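A.B. asks: Take this structure first; my questions come after.
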Amino acid sequence: MKSFLKIKSVNSGMINLLEDYCKKNNLNSSIDIKYNLNDQIVLDKWLSKIKEIKEQNQQEGLGLDIASLFQPNHMGILAYMTQSSDTLADYINILIKYEKLWLNYTPKTIFSKNDYFSIFWDKPTYLQIGLYLEETAITEEVQVAILYKHLKQNMDFKKNIFHCLELSIPEPRNIEKYIEYFNCPVIFNAKQTKITLPISLLKIKLKNSDPTLFEMLSKHANTLLKKIPKQDSLREMVNLSIIKALESNDVKINTVADFLNTSPRLLQSDLKKNGLSFRNSLNTIRQNLAKKYLCNHNLMIVDVAFLLGYKDQTSFNRAFKNWTGVSPSKWRKWQNNKNDSS
């Protein structure tokens with residue numbers, strides 16, 4: 001699952017945003033590279049940079065403070081494409097199609113019902129094994145706050161833009177900071193991050209609409225988009241579906257295919273085309289989750305085997321030894337000794 005952190009990426013402008021925040025607040029920074037416009041920086045480096053800032057500044061709502069410095073160049077070409085489009089409906093469609101050029105993170109989905117529509121996305125799978133929990137929460141704050149600020153910059157609309165907001169981050173002590181920033185009700189500890197807006201906004205004209213500029217930019221954006229690996233979104237969707245299947249204790253390819261609204265045969269074919277396999281994906285997730293569960297001393301090894309969908313502890317012991325070279329009990333003991341000595 002760590003490969004997700006090397007495949008996914010952010011636009012170089014986002015790293016520059018973090019640098020701007022460090023300079024403004026006199027924080028130390030380890031970044032000494034000048035990136036080109038629209039370079040893609042691996043997600044692992046972005047999260048490490050967030051961690052570096054967080055260690056120097058422990059305040060709540062750090063992502064909102066970072067996003068308050070946002071300018072269109074921090075989003076890269078996507079900012080200029082969206083703001084040169086005609087209406088908010090066009091803005092949203094462009095965002096969904098080209099979002100990888102800004103944040104190649106987790107894919108966004110649109111859903112509409114009655115008088116409102118929502119943009120939502122799932123948590124990344126690496127959270128399931130306890131990686132970058134706080135840094136990912138800050139990333140959620142940053143991207144939602146940037147979207148809100150960019151919409152405000154491009155809409156002549158005096159009323160609330162967001163109807164409500166659900167964030168998949170822990171509830172902070174200072175909730176008012178979030179309500180004041182987004183000017184709407186904010187729900188925390190959500191399963192997905194979800195932005196809900198009035199559907200009437202979709203027809204509103206944007207202030208900087210420029211069809212000629214948009215056409216020029218879209219040609220370049222299509223070229224940039226082709227350079228981004230296609231397998232990453234499939235990998236993430238399959239990983240999320242495997243985790244759901246494990247939670248329901250039915251981790252078969254048929255179950256995963258059902259979650260993805262496809263057939264097992266088509267899923268196998270798509271995975272093969274992208275150099276992936278169901279078995280390898282399942283084993284990677286099981287191995288990462290096994291290590292996470294074994295660090296929980298309230299779980300017996302037989303419980304871990306059950307949570308990972310094995311029919312018995314013997315099967316789990318055999319698989320774990322193939323992955324690590326040691327039995328689950330020895331690995332747990334080694335981990336305990338490591339923690340005691342640190």
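With the UniProt record's numbering as the guide, the letters of the sequence shown map in order to residues 1 to 342. Where a beta carbon is used, it is the ideal one built from N, C-alpha and C, also for glycine. Owing to the predicted nature of the structure, the values given are computational and were not obtained by experimental measurement.
Secondary structure at Val238, three-state DSSP: helix, strand or coil?
C.D. replies: helix
A.B. asks: Classify Asn174 as helix, strand or coil using the three-state DSSP reduction.
C.D. replies: coil
A.B. asks: From the DSSP output, in three-state form, read off Tyr116 for me.
C.D. replies: In this structure, Tyr116 counts as strand in the three-state DSSP scheme.
A.B. asks: Go ahead and label Trp334 buried or exposed: buried means 16 or more other beta carbons lie within 10 angstroms of its beta carbon, across all protein chains shown.
C.D. replies: Note on Trp334: under 16 other CB atoms within 10 angstroms of its CB, so exposed under the neighbour-count rule.
A.B. asks: On the criterion of 16 or more Cβ atoms from any shown chain inside 10 Å, does Asn296 qualify as buried, or is it exposed?
C.D. replies: exposed
A.B. asks: Leaving out five residues on either side along the sequence, give the residues of the same chain with a beta carbon under 6 Å from the beta carbon of Lys2.
C.D. replies: Confidence is the limiting factor: at Lys2 the pLDDT is only 49, short of 50, which leaves the residue's position unreliable, though a coordinate-based value still follows. Excluding residues within five positions, none has a Cβ falling inside 6 Å.
A.B. asks: Could you pull out every residue in the same chain whose Cβ sits closer than 7 Å to the Cβ of Arg173, ignoring the five residues on either side in sequence?
C.D. replies: Excluding residues within five positions, the ones whose Cβ falls inside 7 Å are Glu60.
A.B. asks: Can you tell me the Cα-Cα spacing of Lys244 and Leu133, whole angstroms?
C.D. replies: For Lys244 and Leu133, the distance between alpha carbons rounds to 19 Å.
A.B. asks: Do Leu27 and Gln56 come within 9 Å of each other at the CB atom, strictly closer than that value?
C.D. replies: yes
A.B. asks: Rounding to the nearest angstrom, what Cα-Cα distance links Ser233 and Pro107 in this structure?
C.D. replies: 7 Å
A.B. asks: In the DSSP output, which residue or residues are listed as bridge partners for Glu166?
C.D. replies: In DSSP, Glu166 forms a bridge with Ile187, Lys194.
A.B. asks: Mind reading off the beta-carbon distance from Ile199 to Tyr116? Whole number of angstroms is fine, and I expect it under 8 Å.
C.D. replies: 6 Å
A.B. asks: Compare the beta carbon distance of Val238 and Phe182 with 9 Å and say whether it is the shorter of the two.
C.D. replies: Not a contact, by the Cβ cut-off of 9 Å.
A.B. asks: Would a C-beta distance cut-off of 9 Å place Leu299 and Val251 closer than the cut-off?
C.D. replies: no
A.B. asks: What would DSSP say about Met300, mapped onto helix, strand or coil?
C.D. replies: coil
A.B. asks: Looking at the unbroken alpha helix (DSSP H) that takes in residue 345, where does it start and where does it end?
C.D. replies: Outside the shown range of the chain (1 to 342) lies residue 345, about which nothing can therefore be said.
A.B. asks: Quick check: the region 192-206 against the region 149-160, are at least 3 beta-carbon pairs closer than 8 Å?
C.D. replies: Yes, the region 149-160 is in contact with the region 192-206.
A.B. asks: Can you list, in chain order, the residues of its chain with a C-beta nearer than 6 Å to that of Ala305? Leave out the 5 residues immediately preceding and following it.
C.D. replies: Gln313, Phe316
A.B. asks: I'd like to check one pair, Leu95 with Ile119: are the Cβ atoms closer than 9 Å?
C.D. replies: yes
A.B. asks: Apart from the five residues just before and just after residue 393, which ones in its own chain have a Cβ nearer than 7 Å to its Cβ?
C.D. replies: With the chain covering 1 to 342 only, the question about residue 393 has no answer from this structure.
A.B. asks: Hey, how far is the Cα of Ser241 from the Cα of Thr193?
C.D. replies: 18 Å
A.B. asks: Between the C-alpha atoms of Thr262 and Glu180, what's the straight-line distance to the nearest angstrom?
C.D. replies: Going from the Cα of Thr262 to the Cα of Glu180 covers about 43 Å.
A.B. asks: Which same chain residues, not among the five before or five after residue 343, have their C-beta less than 8 Å away from its C-beta?
C.D. replies: Residue coverage of the chain in this structure runs from 1 to 342, which leaves residue 343 outside it and unanswerable.
A.B. asks: Grab me the residues of Pro78's own chain with a C-beta within less than 6 Å of its C-beta, minus the 5 sequence neighbours each way, in chain order.
C.D. replies: A quick correction: the sequence has Leu, not Pro, at residue 78. Once the five neighbours on either side are set aside, the close Cβ partners of Leu78 are Tyr98, Leu101, Trp102.
A.B. asks: Can you tell me whether Lys49 is helix, strand or coil according to DSSP?
C.D. replies: helix
A.B. asks: Considering only C-alpha positions, which residue in the set Tyr148, Val256, Cys184 is nearest to Cys164?
C.D. replies: Cys184
A.B. asks: Smallest Cα separation from Gln40: which of His150, Leu225, Leu64?
C.D. replies: Leu225
A.B. asks: Got a sec, what are the start and stop residues for the alpha helix (DSSP H) residue 395 sits in?
C.D. replies: No information on residue 395 is available, as it lies outside the stretch 1 to 342 that the chain covers here.
A.B. asks: With DSSP collapsed to three states, give me the class of Val256.
C.D. replies: helix
A.B. asks: Please determine, among Lys23, Ser68, Ile253, the residue with the shortest C-alpha to C-alpha distance to Val142.
C.D. replies: Ser68
A.B. asks: Can you tell me where the beta strand (DSSP E) with Asn11 in it begins and where it stops?
C.D. replies: Residue range 9-11 is occupied by the beta strand (DSSP E) that includes Asn11.
A.B. asks: What residues in its chain sit with their C-beta under 6 Å from that of Ile146, if we drop five residues either side in the sequence?
C.D. replies: In the same chain as Ile146, and ignoring 5 residues on each side of it, the C-beta atoms closer than 6 Å to its own belong to Ala67, Phe70, in chain order.
A.B. asks: Val42 bridges to which residues according to DSSP?
C.D. replies: Looking at the DSSP assignment, Val42 forms a beta bridge with Ser9.
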